[in-house]
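Here the structure is laid out as structure tokens; the discussion comes afterwards.
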Amino acid sequence: MSERTTALVIDDEKQIRKLLRIVLEEEHYRVFESENGKQGLSDAAQRRPDVILLDLGLPDLDGVAVLKRLREWSQVPVLILSVRDGPEDKIIALDAGADDYVTKPFGSGELLARLRAIQRRAGEANEEPSFRAGSLQIDFNARAVTVKGCAVKLTATEYALLKILAQHAGKVVTHKQLLREVWGPNAEEQSQYLRVYMTHLRKKIDTSEKGEKLLRTESGIGYRFVIPAKENQEKV
Amino acid sequence: MVTASQDSDVVHAQEHPSERDMNRRWIRSASIVNEFFLAGLFILAFTGAAWLVEPFTGYQTVALLYLLLVVLVGLKLSRGPVLTVAATSAALWNFLFVPPHFTFYVQKFHDGTMFVVFIAVALAMGHLTSRLRRSEMIERQRERRTAALYALAQQAAFATDLDTGLRAAVNLIESIFAAKAALLVRQKNHTLSTMPHAASSVDLSEGEKTVAAWVFSRRVPAGKFTETFPEAEALHLPLQGRTTIMGVLSIWPPAATTFDHVERDLLQAFAVLIGLVLEKDHIIEAFKHAEILEASEHLRRALLQSVSHELKTPLSAVQTGIDALARQTAGSEKSHRTFREVQVAVRRLHRVINNLLNMTRIESGVIKPKLDWSEVGELIEAAIELAGESVGEHRILVDADPTLPMAKLDQPLLEQCLCNLLLNSAANSPPGTKIIIRAQLMNDQLILSVIDEGKGIRKEESMHIFEMFFRGTDASPGGTGLGLAIVDGFVHAHGGSVRAANRDTGGAEFVITIPVQTVRPELMETPLE
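If you read the sequences in order, they're chains A and B.
Sequential numbering from 1 applies to the first sequence in my numbering.
Sequential numbering from 1001 applies to the second sequence in my numbering.
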């Protein structure tokens, strides 16, 4: 690690920018700030940050518009920070290419965990042959899943769902995205199938020790594969 | 403009062999007799004149004069009499003027030829002229009809306001048909008004109103001259718009007159036009209303968004700042406790702000449930997670059949409801006691109950418990009195209801009931695999 990770904060509130700088610098990020959408876009192009924290309510351009323009040329991980807490707002931002969404006010622990999750995803590029979280182990080559060392039999659909969620571990995956990737683009509205298979999948892999749920519901939005807190710290 | 259904209505009205049809037949036969009589007179007069002229012009010119007669008669009379005149003229010419006189015998060959040509020309002439007249008559009727419709369209459809337009329409009907007319218009609640529109020139008797109501519900003409209620005094026509019926037009024909086919057709067309005018007005009204609603809703959303931004941004700064401070001073037990207290306060403030914003959303009616398939068990777990640490040291038990079918509902909305009920129960029952969440599905109703072991609800307060800012006398300190009001608002927005009751065994029970669409999971086991 010769270079420090760089983060770009695009937010019109000076106070929020200052505080985010404090929190992020403590975690050894190098922080850049932009106070509006246009400046944010040009800073993103010049500074080439490793991660972007984007507010939705910007004075010049709407955050979603900034995101869409950014996504035309860059795949940099973007975390949305917004006071808008309705599921519709979150879905719009996620569909526009955001990697995750945190509503204000937020705890800095949660913020840092989400940042790590979206960066890990960008860094690993799905090339790991296996995945481990808590007592769950997935061998992508053998298409084999074990929980606490015991093999679990999954149907093709259940495996496909689990694989997508695990590859995006720590990050929310929208209903639409799951439906599209598992069932194809015509199934985007068929959310009842998704519910049924997620219920089955959970019964098989969530060993249901209290508070140890791997597949979390983000209601009205999608699902999140939650990496148990301890490992999350270790992996950084 | 007159649609097929209206044509059939006309036919249906005509098939009825009423007194008026008999009248019409009589009138028609009377006029035909008149015409034959006239034709006879013409022939007599003309023959007399020809008798006087013949010595000077010769009998062949008389044939030409007879042809002139046929043409003239053709301009005035109808087909039968004209053809009769043609035939009679030929016979008379032959009998009276062609030598030898007073016989039908023809001596010269060219007289014979002339006779045959005469008959042919006279018949053709008679036929042609009468046809010409007939089509001219139809043309004139059509023109009258077009003019009337044009006048109606001009005066009614393009009138600046509806009342003026309807008044013009009634006046026009009255002047064209010499009849009295009344309009019953559809009201805002989609029922027929019982008071005639102000433009009407007469009031309806109770009996006529009944017929009008029948017309409104069946959308076919009734009353006088029709099969349905022919004993009525007025003819009632539906005012049919493009999509829906807009009212009823009632016409009282003047005594002892009847409407012929053309007139009734015209009335039908009038009814259609008035129906369209009413519908146009209705659509414009609805459009304006929707525009105003949309504008005010937009404003409310903008206001809510900006208020929410202004409240949450500083709160966010406080939270992040406290977190940062807590990390910097880690290790000191005393400062750790202090930060924890501040964090709890921030969380509480956050909840209060959310409650206030949610209440504002409910009050301004911007909440529109977004239904999607959800698993009830998942919903309950998410609600428990949402309530989080604030539930304190209570034991939460879930009593729900794991095979419950999936239901179509707005999960985030109902999560918030369940969470608020949980927090309410937790605040109003001693730590360590149980809180049970029960879910049942019955007759497409999802019933969610939250049951606690607290003191229950005071009888005199049970009426007000869901009111905004209401705080029970025994309520634990803290809380804004909004939690239950929000539950009530959200559940109502979802088309359901919530009630609170005390249990015989002590403690309170809150029950949410919402109508839902369900699918049993087994039914969907294999669909896309």
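Don't be surprised by glycine CBs; every beta carbon is placed ideally from N, CA and C.
From the DSSP output, in three-state form, read off residue i for me.
| i | result |
| --- | --- |
| L81/A | strand |
| K176/A | helix |
| L1123/B | helix |
| R1218/B | helix |
| R1458/B | coil |
| H1464/B | coil |
| M1195/B | coil |
| H1282/B | helix |
| H1350/B | helix |
| N1502/B | strand |
| F1490/B | helix |
| A1289/B | Reading off the sequence shown, one finds His at residue 1289/B, where the question assumed Ala. Note: H1289/B maps to helix in three-state DSSP. |
| K1408/B | strand |
Report yes or no: is there a C-beta of chain B within less than 8 Å of the C-beta of residue i?
| i | result |
| --- | --- |
| P87/A | yes |
| N232/A | Summary for N232/A: the model assigns pLDDT 48, below 50, so the residue's position carries little reliability, and this model does not support an answer. |
| V145/A | no |
| I10/A | no |
| G40/A | no |
| L20/A | yes |
| T174/A | no |
| S130/A | no |
| F106/A | yes |
| G134/A | no |
| S257/A | The structure shown does not extend to residue 257/A, since chain A spans only 1 to 236, so no value can be given for it. |
With 16 other CB atoms within 10 Å as the buried threshold, where does residue i fall?
| i | result |
| --- | --- |
| K153/A | exposed |
| I1027/B | Residue confidence is low: I1027/B scores 48 on pLDDT, short of 50, so the model does not pin down where it sits. No coordinate-derived value is stated. |
| Y1105/B | exposed |
| A1222/B | buried |
| S1306/B | exposed |
| R202/A | buried |
| F1469/B | exposed |
| P1238/B | buried |
| H1101/B | exposed |
| C150/A | exposed |
Suppose you measure from the CA of residue i to the CA of residue j; what does that come to, to the nearest Å?
| i | j | result |
| --- | --- | --- |
| Y197/A | R1340/B | 40 Å |
| T1505/B | G1454/B | 10 Å |
| I1512/B | P1412/B | 15 Å |
| M1114/B | V1085/B | 18 Å |
| I1435/B | S1429/B | 9 Å |
| R116/A | V64/A | 22 Å |
| A1039/B | Q1268/B | 38 Å |
| T1403/B | H200/A | 11 Å |
| M1022/B | S1031/B | Residue placement at M1022/B is poorly supported in this model, since its pLDDT is 46, which falls under 50; the coordinates still yield a value, given next. Spanning the two alpha carbons is a distance of roughly 14 Å. |
| S1425/B | A1500/B | 11 Å |
| W1373/B | V1398/B | 21 Å |
| V1121/B | Q1240/B | 52 Å |
| R1025/B | A1148/B | Caution is warranted here: a pLDDT of 47 is assigned to R1025/B, below 50, making its placement in the model unreliable, and no coordinate value can be reported. |
| D1444/B | P1515/B | 6 Å |
| T1003/B | V1073/B | Bear in mind that a pLDDT of 40 at T1003/B, under 50, signals an unreliable position, so the model cannot answer this. |
| E1363/B | L24/A | 40 Å |
| R1401/B | I205/A | The sequence shown places Asp at residue 1401/B, rather than the Arg named in the question. Approximately 20 Å between the Cα atoms of the pair. |
| R17/A | D55/A | 10 Å |
| T103/A | A113/A | 14 Å |
| G222/A | A1198/B | 59 Å |
Looking at the C-beta of residue i, does it have a partner C-beta in chain A at a distance below 8 Å?
| i | result |
| --- | --- |
| T1313/B | yes |
| Q1319/B | yes |
| E1378/B | yes |
| A1382/B | yes |
| V1366/B | no |
| E1415/B | yes |
| E1297/B | no |
| S1308/B | yes |
Cβ of residue i less than 8 Å from any chain E Cβ?
| i | result |
| --- | --- |
| H1336/B | Within the model displayed, chain E is absent; protein chains A and B are what it includes. |
Got a sec: does the ligand SAM put a non-hydrogen atom nearer than 7 Å to the Cβ of residue i?
| i | result |
| --- | --- |
| A98/A | Inclusion of the ligand SAM in the displayed structure is not the case, the ligand content being empty and no account of it being possible. |
Problem set entry | the stretch 1385–1394 of chain B in contact with the stretch 1310–1330 of chain B per 3-pair CB rule at 8 Å | No contact exists between the stretch 1385–1394 of chain B and the stretch 1310–1330 of chain B.
* To do: For the stretch 1176–1183 of chain B and the stretch 1289–1299 of chain B, state whether three or more C-beta atom pairs, one from each stretch, are separated by less than 8 Å.
  => no
Notebook entry, point to check: Contact between the stretch 76–89 of chain A and the stretch 142–156 of chain A: three or more CB pairs below 8 Å?
Noted result: no
Could you tell me whether the stretch 46–64 of chain A touches the stretch 3–20 of chain A, using the rule of 3 or more Cβ pairs below 8 Å?
-> yes
_Taking contact to mean 3 or more Cβ pairs, one atom from each stretch, closer than 8 Å, check whether the stretch 1209–1217 of chain B and the stretch 1179–1196 of chain B are in contact._
yes
Do the stretch 1151–1164 of chain B and the stretch 1228–1244 of chain B touch if we need at least three Cβ pairs shorter than 8 Å? no
Contact between the stretch 174–194 of chain A and the stretch 144–153 of chain A is defined here as three or more beta-carbon pairs at a separation below 8 Å; is this criterion met? no
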